[in-house]
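Note that the UniProt record's numbering gives residue 36 to position 36 of the sequence shown, counting from 1, and the numbers run on in steps of one.
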Amino acid sequence: MTSITKLNQWLQAGLITPAQHANILSFEAEHRQHSNGWLYSFMILGAAIIGLGVISLIAANWATIPETVKLGVDFALLTLLALGVFWQYPKRHNGVWFEVLLVGFMLLCLASIGLIAQVFHLGGKWYHALLFWAAITFLLSLFARNLFTRFFWVTLLLQGLIWSLVALTNPNISEHWEALPSVLLLAPLLIAVLYYATTHSKLLRGFTSSLFFWFQIAAIIALAFADIVRSGGEMTDYQVAWFVPAYVAAVLLAVGILLHKEYRWLNKLLLLGALGLLLLYYHPDLLFNGQSRYSLFGSQAHAGVGFWQADDIRAPLLTLTILFLYALHAGNSGHQRTFNLITFLIGLRFVILYFQAMGGLAATGVGLIISGSLIIGITWLWYKGRDRLREWTKRLQA
Numbered sequence: 001m002t003s004i005t006k007l008n009q010w011l012q013a014g015l016i017t018p019a020q021h022a023n024i025l026s027f028e029a030e031h032r033q034h035s036n037g038w039l040y041s042f043m044i045l046g047a048a049i050i051g052l053g054v055i056s057l058i059a060a061n062w063a064t065i066p067e068t069v070k071l072g073v074d075f076a077l078l079t080l081l082a083l084g085v086f087w088q089y090p091k092r093h094n095g096v097w098f099e100v101l102l103v104g105f106m107l108l109c110l111a112s113i114g115l116i117a118q119v120f121h122l123g124g125k126w127y128h129a130l131l132f133w134a135a136i137t138f139l140l141s142l143f144a145r146n147l148f149t150r151f152f153w154v155t156l157l158l159q160g161l162i163w164s165l166v167a168l169t170n171p172n173i174s175e176h177w178e179a180l181p182s183v184l185l186l187a188p189l190l191i192a193v194l195y196y197a198t199t200h201s202k203l204l205r206g207f208t209s210s211l212f213f214w215f216q217i218a219a220i221i222a223l224a225f226a227d228i229v230r231s232g233g234e235m236t237d238y239q240v241a242w243f244v245p246a247y248v249a250a251v252l253l254a255v256g257i258l259l260h261k262e263y264r265w266l267n268k269l270l271l272l273g274a275l276g277l278l279l280l281y282y283h284p285d286l287l288f289n290g291q292s293r294y295s296l297f298g299s300q301a302h303a304g305v306g307f308w309q310a311d312d313i314r315a316p317l318l319t320l321t322i323l324f325l326y327a328l329h330a331g332n333s334g335h336q337r338t339f340n341l342i343t344f345l346i347g348l349r350f351v352i353l354y355f356q357a358m359g360g361l362a363a364t365g366v367g368l369i370i371s372g373s374l375i376i377g378i379t380w381l382w383y384k385g386r387d388r389l390r391e392w393t394k395r396l397q398a
């Protein structure tokens, strides 16, 4: 006897309520979806490969195909996929074909935007096309049941939104790659704002995990980039105006942190502190001038430059401080995986700092022995002390 049949019998016997019956069915459908995640992934991958094959065949004869035929075939395929999505909609909880057809339809919508722009010789930027695509497929993404579909939509949305916002203050960003830091700073701040927005809406909660994933990736990249260029004395010829979208996102993020009901005052202070230091890190010349270098214990220190005034000393210390503040927040909030990741990055940065400081020593046999011992020691201390440190962070504000 199947579980659904048993549930129906329990419902008829009055052992469970209709609401409980519906919740159990929803839970089981979600469980089956996660357990068959590999099936969804390979089916969607196969659909994408078929689409690439069709595109390659068309591209090989692109010049000889009339424009009316191109548009006609495109809209015919859109219609067929739309009918398929509609046909599979009642089976979306248990079937894989709904998700495959949905992803195929969304991909074809993106291809159709490029086709129409090519046929009618329309101008525009690629990130504007992505933003338009995300807008017209937003309602479709809400019906997605598989994480891959929502992750795919969120990824393209973020690309279009971030680059479009930066282009507001630097229209020729494709020709001025020195504005890249403004993109890297805006990315984690904007994603964090969207993350907080989805946590307050039941309708948008399906995008929360994807946004949190990209927030962590974007934040690590932004912090690593700032650390590298600041330690190297670069990133000094940038305009503050390029960072205006990032500053607006930072204000919205600060408001979201302050209004978050589940955060205690300590978590709010830790997050606001990390946010303020990140903004300071990316300011063109407020803290770093690109000329003060101590060469990390070397013999090429600039005259009149103190140890704490050198860019290549301030940068790693600022990186470690930001990571430490966020690690305290993650540990205090019970996010174990994030806490483990951040504490690992802290240990890794200490190791890199050691090699920066003692690069000459590490070139010798004794230096290699000391360096290897240091890496083993840091790894062992991190492994043995992470649980104790996490418990300490949880007790900071009981």
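Glycine included, every Cβ here is placed at the ideal spot set by N, Cα and C.
Item, Value
"Nonlocal neighbours in the same chain, by C-beta distance under 6 Å from Val244, ignoring five residues either side", "Thr169"
"Coil, strand or helix - Leu77 by DSSP", "helix"
"Through-space distance from Leu272 to Leu258, alpha-carbon basis", "9 Å"
"First and last residue of the uninterrupted alpha helix (DSSP H) at Leu204", "Careful: Leu204 lies outside any alpha helix (DSSP H) and carries neither H nor E."
"Inter-stretch contact (C-beta, 8 Å, three-pair minimum) for the segment 156 to 167 and the segment 185 to 203", "yes"
"Cβ neighbour criterion (16 or more within 10 Å) applied to Trp322", "The sequence given here has Ile at residue 322, not Trp. Classification for Ile322: buried."
"DSSP-derived helix/strand/coil call for residue 413", "Given that the chain is displayed from residue 1 to residue 398, the structure contains no residue 413 and the question cannot be resolved."
"Unbroken alpha helix (DSSP H) run spanning Asn332, endpoints", "311 to 333"
"Distance between Tyr263 and Ser333 (C-alpha atoms, nearest Å)", "8 Å"
"Three-way DSSP call (helix, strand, coil) for Lys125 in this model", "coil"
"Val69 versus Leu115, Gly347, Lys268, Ile221, residue with shortest Cα-Cα distance", "Leu115"
"Beta-carbon contacts of Gly298 that lie in its chain and below 6 Å, excluding the five residues immediately before and after", "Low confidence applies to Gly298: its pLDDT is 46, below 50, so where it sits in the model is not reliable enough to give any reading."
"Where Lys6 falls: helix, strand or coil (DSSP)", "helix"
"Under 8 Å between C-beta atoms of Ile217 and Leu184", "no"
"C-alpha distance - Ser35 paired with Glu178, whole-angstrom precision", "In this prediction, Ser35 scores a pLDDT of 47, lower than 50, which makes its location untrustworthy; the coordinate-derived value is nonetheless stated afterwards. Their backbone Cα atoms lie some 45 Å apart in a straight line."
"Length at least 4, wholly inside the segment 133 to 191: the alpha helix (DSSP H) runs in chain order", "138 to 142, 147 to 169"
"Three-state secondary structure (DSSP) of Gln239", "coil"
"Where Ala13 falls: helix, strand or coil (DSSP)", "coil"
"Separation of Asp227 from Ser201, as counted between CA atoms", "36 Å"
"For Ala330 and Gln336, the rounded distance between their alpha carbons", "7 Å"
"Closest residue to Ala82 among Phe148, Pro66, Val96, Met106 (Cα-Cα distance)", "Met106"
"Proximal residues to Ala327 (C-beta, below 7 Å), its chain only, five neighbours per side dropped", "Phe339, Ile342, Thr343, Ile346"
"Reduced DSSP category for Gly232 - H, G, I as helix; E, B as strand; rest coil", "coil"
"Unbroken alpha helix (DSSP H) run spanning Val244, endpoints", "244 to 259"
"Where Val96 sits in the DSSP three-state scheme", "coil"
"Spatial neighbours of Arg150 in its chain, beta-carbon cut-off 7 Å, leaving aside the 5 residues before and after", "Ser141, Ala144, Gly206, Phe207, Ser210"
"Selected residue, minimal CA-CA separation from Pro181, among Leu157, Leu278, Gln12", "Leu278"
"Through-space distance from Gly276 to Val166, alpha-carbon basis", "20 Å"
"C-alpha gap between Lys6 and Ile16, whole angstroms", "11 Å"
"Under 8 Å between C-beta atoms of Gly124 and Ala135", "no"
"Three-state class that DSSP yields for Asp285 in the structure shown", "coil"
"Identity of the residue in Val96, Leu325, His128, Ser373 nearest Leu110 by Cα", "His128"
"Ile65 (DSSP reduced to helix, strand or coil)", "coil"
"Which listed residue (Trp97, Leu287, Ala187) has its alpha carbon closest to that of Ala249", "Ala187"
"Whole-Å CB distance - Tyr247 paired with Pro284, under 8 Å assumed", "In fact, because the Cβ distance is near 13 Å, the residues do not count as touching under 8 Å."
"Phe120 in three-state terms, based on DSSP", "coil"
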